[in-house]
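Enquirer: The structure that follows is given in the form of structure tokens.
This is how it looks when you write it as structure tokens:
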């Protein structure tokens, strides 16, 4: 045990004396080594990146860590105008995978660029992706109206408005990556549903309320007309029956009263009271 401890201490001392430091990329990362010798040897970028693990380099060697797992970048879009000139707010997301970390580091830069106090992004994204992506989103959104964006309607092609916008932006960005030879793979782009200004939302709610009231009124009128037509048809049928039976108006009314009394009494809803002039039915109106 003492011998192992001594060997470990010697290794630490040797590393300190020779000025070495280690590349220790995390899972999903690689390290790109840029050799900058002080006295002897050739400098330059090592073409083989350091995979997950540990590898020692001279103190003068610069190490750049690059994510090779899928990376998601987000964009918050405020007041981007639709086809009908309504300012819309929405979010967008882009997923990318680095395919050649060494070339990305040497030709486009992987150092973080500070955008503000809370956000930073790699140089290759900040300088080559963000602005073209923003322009692509703007061009795609200008092809659709506010209602299409907010309701995300589906066209005859079977794709919703948002899906069509996603597809258009993806095609444009893949073309841009190929044009500048950016060594990344575009996995997908997703646009969130658009949010119009609050006053537009309130107008849409009020419009929907008025439309529902109008629909309800139309349904009520239709029901009344239907009931009125049914009653009119019933009156025509009753009058035809009266004429066919050769009954006068009073006789027909008496006949209808008898039918009603019969229907109620068959259900046990009346009691006959006998008097000098005959039996008179008494109806229990409280009974259901």
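Residue numbers (mature numbering (1 follows the signal peptide of the UniProt record, and there is no 0)): -22 to -1, 1 to 266. Just so you know, even glycine gets a beta-carbon here, dropped at the ideal spot from N, CA and C. Fair warning: this is a prediction, and the values are worked out from it, not measured in the lab.
In angstroms with no decimal places, state the Cα-to-Cα distance between residue 46 and residue 164.
Expert: 13 Å
Enquirer: By the 10 Å Cβ neighbour count, where 16 or more other Cβ atoms means buried, how is residue 102 classified, buried or exposed?
Expert: buried
Enquirer: Just checking, does the stretch 52 to 64 make contact with the stretch 99 to 116 on the three C-beta pairs under 8 Å criterion?
Expert: yes
Enquirer: Since residue 12 and residue 40 should fall inside the 8 Å C-beta cutoff, what is the C-beta to C-beta distance between them, to a whole number of angstroms?
Expert: 4 Å
Enquirer: Please list, in chain order, all residues of the same chain as residue 89 whose beta carbon is under 8 Å from its beta carbon, the five residues on each side excluded.
Expert: Same-chain partners within the cutoff: 42, 100, 101.
Enquirer: What separation, rounded to the nearest whole angstrom, lies between the Cα atoms of residue 86 and residue 160?
Expert: Distance between the alpha carbons of residue 86 and residue 160: 8 Å.
Enquirer: Whole angstroms are fine: how far does the CA of residue 106 sit from the CA of residue -6?
Expert: With a pLDDT of only 47 at residue -6, under the threshold of 50, the placement of this residue in the model should not be trusted; the figure read from the coordinates follows. Each residue's alpha carbon lies about 42 Å from the other.
Enquirer: Compute the distance between the beta-carbons of residue 71 and residue 170, then report whether it is under 9 Å.
Expert: yes
Enquirer: Measure the C-alpha to C-alpha separation of residue 148 and residue 81 and round it to an integer number of angstroms.
Expert: 23 Å
Enquirer: Using the three-state DSSP reduction, which class does residue 164 fall into: helix, strand or coil?
Expert: strand
Enquirer: Near residue 34, which residues of its chain fall below 6 Å by C-beta distance, leaving aside the five closest residues on each side in sequence?
Expert: So the qualifying residues of the chain are -3, -1.
Enquirer: For a cutoff of 9 Å on Cβ pairs, would you count residue 72 as touching chain B?
Expert: Any reference to chain B falls outside this structure, which holds one protein chain only.
Enquirer: Could you give the distance in angstroms between the alpha-carbon of residue 290 and the alpha-carbon of residue 215?
Expert: Outside the displayed range of the chain (-22 to 266) lies residue 290, so it cannot be described from this structure.
Enquirer: Please report the straight-line C-alpha distance between residue 234 and residue 208, rounded to a whole angstrom.
Expert: Roughly 18 Å separates the two Cα atoms.
Enquirer: Please tell me whether residue 167 and residue 151 are closer than 9 Å, where the distance is taken between their beta carbons.
Expert: yes
Enquirer: Span of the beta strand (DSSP E) holding residue 52?
Expert: 49 to 59
Enquirer: Of the choices 104, 238, 156, whose alpha-carbon is the least far from that of residue 272?
Expert: Since the displayed the chain opens at -22 and closes at 266, residue 272 lies outside it and no answer follows.
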